[in-house]
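Taking the working numbering, the leading residue of the sequence shown gets 1, the next gets one more, and so forth.
See below for the structure under consideration.
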Amino acid sequence: MMDYSTFKNRVCKRIKDLRIEKNLTQEQISGPFMGVRTYQKIESGFSAPNLESLFKIANALGVHPKELINVAISGSDEKGKKK
1 MMDYSTFKNR VCKRIKDLRI EKNLTQEQIS GPFMGVRTYQ KIESGFSAPN
51 LESLFKIANA LGVHPKELIN VAISGSDEKG KKK
(Lines of atoms letter the chains of each structure in order from A and count residues from 1; the text may use other names and numbers.)
(Lines give C-alpha, C1' and ligand atoms only; values in the text may rest on other atoms or scores of the structure.)
Protein backbone atom coordinates (compact mmCIF):
# COMPACT_ATOMS: atom_id res chain seq x y z
CA MET A 1 0.00 0.00 0.00
CA MET A 2 1.33 3.43 -0.84
CA ASP A 3 1.58 6.33 1.57
CA TYR A 4 0.22 9.83 0.97
CA SER A 5 3.60 11.31 0.07
CA THR A 6 4.13 8.77 -2.71
CA PHE A 7 0.59 9.31 -4.01
CA LYS A 8 1.04 13.10 -4.01
CA ASN A 9 4.36 12.86 -5.86
CA ARG A 10 2.89 10.53 -8.49
CA VAL A 11 -0.09 12.84 -9.07
CA CYS A 12 2.20 15.86 -9.38
CA LYS A 13 4.44 13.97 -11.83
CA ARG A 14 1.34 12.92 -13.81
CA ILE A 15 0.27 16.56 -14.10
CA LYS A 16 3.73 17.54 -15.35
CA ASP A 17 3.94 14.62 -17.78
CA LEU A 18 0.54 15.44 -19.30
CA ARG A 19 1.48 19.10 -19.70
CA ILE A 20 4.71 18.17 -21.49
CA GLU A 21 2.91 15.57 -23.63
CA LYS A 22 0.47 18.25 -24.78
CA ASN A 23 3.30 20.74 -25.44
CA LEU A 24 1.86 23.33 -23.07
CA THR A 25 3.76 25.77 -20.87
CA GLN A 26 3.33 26.15 -17.14
CA GLU A 27 1.92 29.61 -17.81
CA GLN A 28 -0.75 28.18 -20.14
CA ILE A 29 -1.85 25.67 -17.49
CA SER A 30 -1.78 28.04 -14.52
CA GLY A 31 -3.70 30.64 -16.52
CA PRO A 32 -5.52 33.38 -14.65
CA PHE A 33 -6.69 31.15 -11.79
CA MET A 34 -3.33 30.53 -10.05
CA GLY A 35 0.13 32.01 -10.04
CA VAL A 36 2.81 30.31 -12.11
CA ARG A 37 4.96 29.84 -8.99
CA THR A 38 2.07 28.04 -7.26
CA TYR A 39 1.69 25.76 -10.27
CA GLN A 40 5.45 25.11 -10.32
CA LYS A 41 5.25 24.01 -6.67
CA ILE A 42 2.55 21.51 -7.64
CA GLU A 43 4.55 20.11 -10.55
CA SER A 44 7.65 19.77 -8.39
CA GLY A 45 5.70 17.92 -5.70
CA PHE A 46 6.43 20.63 -3.14
CA SER A 47 2.70 21.18 -2.64
CA ALA A 48 -0.40 19.24 -3.57
CA PRO A 49 -3.25 20.73 -5.58
CA ASN A 50 -6.54 21.21 -3.76
CA LEU A 51 -9.71 19.94 -5.45
CA GLU A 52 -10.47 23.26 -7.12
CA SER A 53 -6.93 23.51 -8.53
CA LEU A 54 -7.04 19.87 -9.62
CA PHE A 55 -10.29 20.57 -11.48
CA LYS A 56 -8.91 23.71 -13.17
CA ILE A 57 -5.63 22.02 -14.11
CA ALA A 58 -7.57 19.13 -15.65
CA ASN A 59 -9.68 21.58 -17.67
CA ALA A 60 -6.56 23.42 -18.88
CA LEU A 61 -5.06 20.07 -19.92
CA GLY A 62 -8.29 18.99 -21.62
CA VAL A 63 -8.70 15.85 -19.51
CA HIS A 64 -11.10 14.56 -16.88
CA PRO A 65 -9.82 15.17 -13.32
CA LYS A 66 -9.65 11.40 -12.75
CA GLU A 67 -6.87 11.28 -15.36
CA LEU A 68 -4.69 13.30 -12.99
CA ILE A 69 -5.15 11.03 -10.00
CA ASN A 70 -5.13 7.73 -11.90
CA VAL A 71 -1.68 6.61 -10.76
CA ALA A 72 -0.24 3.21 -9.87
CA ILE A 73 -0.86 2.36 -6.23
CA SER A 74 1.77 -0.34 -5.90
CA GLY A 75 5.49 0.26 -5.58
CA SER A 76 6.18 -1.68 -8.75
CA ASP A 77 4.63 -1.50 -12.17
CA GLU A 78 3.43 -4.37 -14.32
CA LYS A 79 7.05 -5.38 -15.00
CA GLY A 80 7.47 -6.62 -11.44
CA LYS A 81 4.41 -8.87 -11.42
CA LYS A 82 4.69 -12.60 -11.98
CA LYS A 83 2.37 -14.22 -14.48
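Where is the CB? At the ideal position from N, CA and C, for every residue including glycine.
Cβ-based burial, residue i [other Cβ within 10 Å; buried from 16]
{"i": "Ala-72", "result": "exposed"}
{"i": "Leu-51", "result": "exposed"}
{"i": "Glu-43", "result": "buried"}
{"i": "Arg-37", "result": "exposed"}
{"i": "Lys-56", "result": "buried"}
Start and end residues, alpha helix (DSSP H) containing residue i
{"i": "Ser-53", "result": "51 to 61"}
{"i": "Ile-73", "result": "Premise fails: Ile-73 is in no alpha helix (DSSP H) and is neither H nor E."}
Cβ-Cβ distance between residue i and residue j below 9 Å
{"i": "Ala-58", "j": "Lys-8", "result": "no"}
{"i": "Glu-67", "j": "Arg-14", "result": "yes"}
{"i": "Ser-5", "j": "Met-34", "result": "no"}
| Taking only runs of the alpha helix (DSSP H) that begin and end inside the segment 5 to 46, which ones reach a length of at least 4 residues, in chain order? | 26 to 30 and 36 to 44
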